[in-house]
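Undergrad: Take this structure, written in structure tokens, and hold onto it; I'll ask about it next.
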Amino acid sequence: MTATPEQNEEEEEDIREHLSDVEDGCGCTEIWEHMSEERDS
């Protein structure tokens, strides 16, 4: 079964949800720190 474009968009949004608080243009270090903080909470 093939996913519809809408399903693909929803899946991509779910995948990126954990990065929604990261500012655009930040680097790997900032993303790593954000993910570590989220993991600790």
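Residue numbers (my numbering): 7 to 47. Ideal Cβ placement from N, Cα and C applies to all residues, glycine included.
#1: Using the C-alpha atoms, what's the distance from Ser26 back to Glu17?
#2: Assuming Ile21 and Val28 are in contact, meaning their beta carbons sit under 8 Å apart, how far apart are those beta carbons, in whole angstroms?
#3: Looking at Glu44 and His24, is the spacing between their C-beta atoms short of 8 Å?
#4: By the three-class DSSP mapping on this structure, what secondary structure does Glu29 have?
TA: By the coordinates alone:
#1: C-alpha separation (whole angstroms): 14 Å.
#2: Not really, about 14 Å apart at Cβ, beyond 8 Å.
#3: Yes, the Cβ-Cβ distance between His24 and Glu44 is below 8 Å.
#4: Residue state for Glu29 is assigned as coil, using DSSP reduced to three classes.
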